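These notes are about the structure you will find just below.
There are 2 protein chains.
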Amino acid sequence: MSVLDNIKIVLVGTLYCGNLGQVCRAMANMGLKNLALAAPNLDGDWELAERFAVHAQDVLRNRVEFSSFRDAVAECAVVVGTTVRSGLYRQHVKTPRELAPALLEMAAHGKVAVAFGREDKGLTNEEIACCTHLLRIPVDTGYESINLSQAVLLCAYELFSATGEYQPPIEKSDPAVAARKLQLTDMWRNMLLEIGFMKEDKADHMMQGIQRIFSRGVYSDDDVSILMGVARQGQWAAANGGKEPKD
Amino acid sequence: MSVLDNIKIVLVGTLYCGNLGQVCRAMANMGLKNLALAAPNLDGDWELAERFAVHAQDVLRNRVEFSSFRDAVAECAVVVGTTVRSGLYRQHVKTPRELAPALLEMAAHGKVAVAFGREDKGLTNEEIACCTHLLRIPVDTGYESINLSQAVLLCAYELFSATGEYQPPIEKSDPAVAARKLQLTDMWRNMLLEIGFMKEDKADHMMQGIQRIFSRGVYSDDDVSILMGVARQGQWAAANGGKEPKD
Chain A
1 MSVLDNIKIV LVGTLYCGNL GQVCRAMANM GLKNLALAAP NLDGDWELAE
51 RFAVHAQDVL RNRVEFSSFR DAVAECAVVV GTTVRSGLYR QHVKTPRELA
101 PALLEMAAHG KVAVAFGRED KGLTNEEIAC CTHLLRIPVD TGYESINLSQ
151 AVLLCAYELF SATGEYQPPI EKSDPAVAAR KLQLTDMWRN MLLEIGFMKE
201 DKADHMMQGI QRIFSRGVYS DDDVSILMGV ARQGQWAAAN GGKEPKD
Chain B
1001 MSVLDNIKIV LVGTLYCGNL GQVCRAMANM GLKNLALAAP NLDGDWELAE
1051 RFAVHAQDVL RNRVEFSSFR DAVAECAVVV GTTVRSGLYR QHVKTPRELA
1101 PALLEMAAHG KVAVAFGRED KGLTNEEIAC CTHLLRIPVD TGYESINLSQ
1151 AVLLCAYELF SATGEYQPPI EKSDPAVAAR KLQLTDMWRN MLLEIGFMKE
1201 DKADHMMQGI QRIFSRGVYS DDDVSILMGV ARQGQWAAAN GGKEPKD
């Protein structure tokens, strides 16, 4: 049971089944399961809805329909409205990133709805009046009209990110420690001398360039093993036909 | 000129014109203009591409096509690959949020490409090998397959957010200062006594509940003006027919 299970996405007066399907997939990507449709006004292309939902068919099939926005959010203590319009009673909007932690906290104690209006005109003033919080997605002022499923995705992404549930892949190889990196540098110094990349009297200077390259990022033990292998093979090649240093 | 102008989105082997159109819109939402197609494999439904691009037709029309990924990124100092697959050479992935500030810094000095693979199988190992950085979008482990345009949107959103270019709407009314809020509380105390909501001996206690309500959020001057208006009108109503306190 995740705190996200207490959050539902409410689509109000949605027009296009294609958007509905893409909303389902976006929700599944971000661990959200509960979808409500309030007074849907859909074009009836359910085949497209299913196709765009891809493997998120369960979200699509488990949707709950309500005849009005009021009914859809009746059980919710927190009702978040999303808006791109401004106006006297829409000035106190927050971004999804600002609001997400508070919404998760509230979802731990009661039901939270996040509502998205019609593709062509969003939520009405009456619907905004039912909301306890208002969200506005930060977009470029040159092009503010965002697709419905894209808007849902961004809000869902901020909620999912705020849970901290995402686990980045763990590198199987540990970061290499200093002693091993110094050993690597020594091996490269010897190899570079033997293959004739540099002469002894220039070696200190040249090795600073190599060290700069080696210090561009954190190397793993595996990275160091690969570079040590290069040094060993270079030395072998030099012993079996290396060239004299160029002047 | 925004630093985002030095970033281009590269779609590799894209199959569906619908996705292409939605990518254009998502890019425009987040202030990105430069789109490259590398070895596109499109279904040819350009009408759908234009319809889904909505008002982002300029992004669609200004796309540049290349016969290979290598050609598409040839001029870029930084090439970011996106991947959902894991594997020995994909372990050092970062999230878009982690990487965005560094990418903007690098875009100030040279061209940056952010590449997205085929809808069905992503970027190949050969293409990953051309990348200087790898990105992985944090998604729920239950459903990791994300739509192409949704993936582009999230990466573009993190880049746009990291620019700090988004300006939240400014409330026209300042936050109310303490003196004005105390005046409001006094007016409500008088009004609540006069309309018979409470008796004088209970007033201190009752007013703590009212003050708790008033302290739930930051009120603006406009908010306080509305609540002062309620107090004035209540007192007027009481003077013209108020009731005695109930016991």
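Quick mapping for you: the protein sequence lines, in order, are chains A and B. One point on numbering: in our numbering, the residue at position 31 of the first sequence is 31, and numbering is uninterrupted. One point on numbering: in our numbering, the residue at position 123 of the second sequence is 1123, and numbering is uninterrupted. The C-beta atom is built at its ideal place from N, Cα and C for all residues, glycine as well. For clarity, every value in this text was computed on a predicted model and none was experimentally measured.
(request) Determine whether the Cβ of K246/A lies closer than 9 Å to any Cβ atom of chain B. (result) Residue placement at K246/A is poorly supported in this model, since its pLDDT is 47, which falls under 50; the coordinates still yield a value, given next. No, K246/A lies away from the interface with chain B (no Cβ there is under 9 Å from its Cβ).
(request) Spell out the partners DSSP gives T1082/B in its beta bridges. (result) L1135/B
(request) Mind checking the region 1151-1177 of chain B against chain A and listing, in chain order, the residues whose C-beta falls within less than 9 Å of any C-beta there? (result) L1153, L1154, Y1157, F1160, S1161, E1165, Y1166, Q1167, P1168, P1169, I1170, E1171, K1172 and S1173
(message) Let me check understanding here. Comparing Cα to Cα, which of E1098/B, E1119/B and Y1219/B lies closest to L1148/B?
(response) E1119/B
(message) Here's the rule: buried if 16 or more other CB atoms are within 10 angstroms of the residue's CB, otherwise exposed. What is N62/A?
(response) exposed
(request) Check whether the Cβ atoms of F160/A and L4/A lie closer than 9 Å to each other. (result) yes
(request) Please state whether DSSP places K1008/B in a helix, a strand or coil. (result) strand
(request) May I have the straight-line CA-CA distance separating T83/A from L135/A, to the nearest angstrom? (result) 6 Å
(request) Report yes or no: is there a C-beta of chain A within less than 9 Å of the C-beta of V1010/B? (result) no
(message) Give the list of continuous beta strand (DSSP E) stretches no shorter than 3 residues that lie fully inside the region 1038-1113 of chain B.
(response) 1064-1066 and 1078-1082
(request) Quick one: list the residues of chain B neighbouring A49/A, beta-carbon separation under 7 Å, in chain order. (result) Simply none; closest approach about 14 Å.
(request) Use the C-beta contact count for K1172/B: other C-beta atoms within 10 angstroms, 16 or more gives buried, fewer gives exposed. (result) exposed
(request) Take M1228/B and list the residues in its own chain whose beta-carbon comes closer than 7 Å to its own, dropping the five residues that flank it on each side. (result) L1184 and M1187
(request) Would you list, in chain order, the members of the region 73-92 of chain A that have their beta-carbon closer than 9 Å to a beta-carbon of chain B? (result) S86, L88, R90, Q91 and H92
(message) Between E144/A and chain B, is the shortest Cβ-Cβ distance under 9 Å, so that the two count as touching?
(response) yes
(request) With DSSP as the reference, label N147/A as helix, strand or coil. (result) coil
(message) Let me check one thing: in DSSP terms, what residues is G258/A bridge-paired to?
(response) Residue 258/A is absent from the structure shown; chain A starts at 1 and stops at 247.
(request) Determine the contact status of C1017/B and D1043/B, defining contact as a CB-CB distance below 9 Å. (result) yes
(message) Suppose contacts are defined by Cβ-Cβ distances below 9 Å. Is A1053/B in contact with Q1091/B by that definition?
(response) no
(request) State the DSSP-derived secondary structure class of N1034/B, mapped to helix, strand or coil. (result) strand
(request) Could you have a look at S1220/B and say whether DSSP puts it in helix, strand or coil? (result) strand
(request) Following the continuous alpha helix (DSSP H) through A203/A, name the residue where it begins and the one where it ends. (result) E200 to F214
(request) Measuring alpha carbon to alpha carbon, tell me which of E50/A, F69/A and K199/A ends up nearest L37/A. (result) F69/A
(request) Determine, using beta carbons only, whether M1030/B comes closer than 9 Å to chain A. (result) yes
(request) Compare the C-beta of P1040/B against all C-beta atoms of chain A and say whether one is closer than 9 Å. (result) no
(request) Identify every residue that forms a DSSP beta bridge with P175/A. (result) S220/A
(request) Measure the alpha-carbon distance for W46/A versus N6/A and round it to whole angstroms. (result) 27 Å
(message) If you reduce the DSSP assignment to three classes, tell me which class Y1157/B lands in.
(response) helix
(request) Can you pull the chain A residues whose beta carbon is under 9 Å from the beta carbon of K1056/B, in chain order? (result) Reading off the sequence, residue 1056/B comes out as Ala, not Lys. By Cβ distance, chain A contributes Y143.
(request) Could you have a look at S225/A and say whether DSSP puts it in helix, strand or coil? (result) helix
(request) Assuming A113/A and V79/A form a contact by the criterion Cβ under 8 Å, report the distance between their Cβ atoms to the nearest whole angstrom. (result) 5 Å
(message) Taking the straight line between their C-alpha atoms, what separation do you get for D1071/B and A1039/B?
(response) 10 Å
(message) I need the boundaries of the alpha helix (DSSP H) containing Q1022/B, first residue and last residue.
(response) C1017 to N1029
(request) Excluding the 5 residues preceding and the 5 following E200/A in the sequence, name in chain order all residues of the same chain whose CB lies nearer than 8 Å to its CB. (result) L193
(request) Go ahead and pull the three-state DSSP assignment for N1190/B. (result) helix
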